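Each residue of the sequence shown is one higher than the one before, counting from 0 in numbering that gives the first Met the number 0. All C-beta atoms in this analysis are idealised placements derived from N, C-alpha and C, irrespective of residue type, glycine included. These figures come from a predicted structure and were not determined experimentally. Right, one structure below, let's go through it.
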Amino acid sequence: MSLYSSIRMAGNTLQADSIALQVVGQNIANANTPGYIREEVLLSPAPTQRVGGLLMGMGVQVLAITQKIDNFLEERLRGAVSDQASAEAQEETYVQLEGAIGELDDTDLSTMLNKFFGSINEILNQPESVSVRNLAVLQGKTLTEDIKRLANRVGEMRFDTNQRVDNMAGDINRLIEEVRTLNVRISETEIGGAANSDAVGLRDRRLEALEHLAELIDIRVEEQE
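Encoded structure:
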């Protein structure tokens, strides 16, 4: 092996080791960073060189810097995040509705209905009693006021829900645009070189954006070559 070949092989090895150390340092530094995916360096034999009648190895080269990620598990995670967010939103609405109706309370709608129908039965039993008729009228007015109050409260809840949906639509559109932009940047960066770690950082950001998007809507992710 010539001196040039030896120097070139040593250079390839040092460069590969340097990149590998940088990736290790990156993993350690971001061990507690939310959304960070651990990286690894894929190595491959460097192209051989013909020396006389022999093919000589030229050491090692970095094939790519990739993320240690299980796409199937990530898809399951996004699905679970969507289910949890949906369940929490429904629970919040049901709790508010339950509070508005006020069931199991002395002034809840069921109690007021029972009192009203009870007063009607009293009229049937004592049609000549003025006080019984007046009580039935009073119970009817009270029931009407309670129903109006409940209708107003439900209307306010509907308005608040619509406002949240409108705000969510803005967040959804923003995240979709962010993912689209990151897709373009990832493609452009990876074309520049398979060992470019910038693309991995962009993929981290895209994964985090997808997780936030999954909190708002059901999504299915499919990466094309």
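Span of the alpha helix (DSSP H) around residue i
i	result
Ser-250	Here the chain covers residues 0 to 224 and nothing more, so residue 250 does not appear.
Gln-138	129 to 190
Val-199	197 to 213
Glu-221	Looking at the DSSP string, Glu-221 is not in any alpha helix (DSSP H), and its letter there is neither H nor E.
Asn-113	108 to 124
Beta carbon of residue i nearer than 8 angstroms to that of residue j
i	j	result
Gln-66	Arg-184	no
Leu-212	Ile-171	yes
Leu-108	Asp-145	yes
Asn-11	Met-55	no
Thr-92	Thr-160	yes
Val-61	Ile-18	yes
Leu-142	Met-167	no
Cβ separation of residue i and residue j, assumed to be a contact under 8 angstroms, to the nearest whole Å
i	j	result
Glu-177	Ala-208	5 angstroms
Ala-9	Leu-41	Ala-9 to Leu-41, Cβ: 21 angstroms. No contact.
Ile-122	Arg-132	6 angstroms
Per DSSP, the bridge partner or partners of residue i
i	result
Met-55	Gln-48
Glu-39	Thr-65
Gln-60	Ser-43
Exercise. Report yes or no: do the region 63 to 77 and the region 92 to 101 share at least 3 C-beta pairs separated by less than 8 angstroms?
Key: no
Practice problem: Inspect the CB distances between the region 109 to 118 and the region 76 to 96 and report whether three or more fall short of 8 angstroms. | Solution: Result no; under three Cβ-Cβ pairs closer than 8 angstroms.
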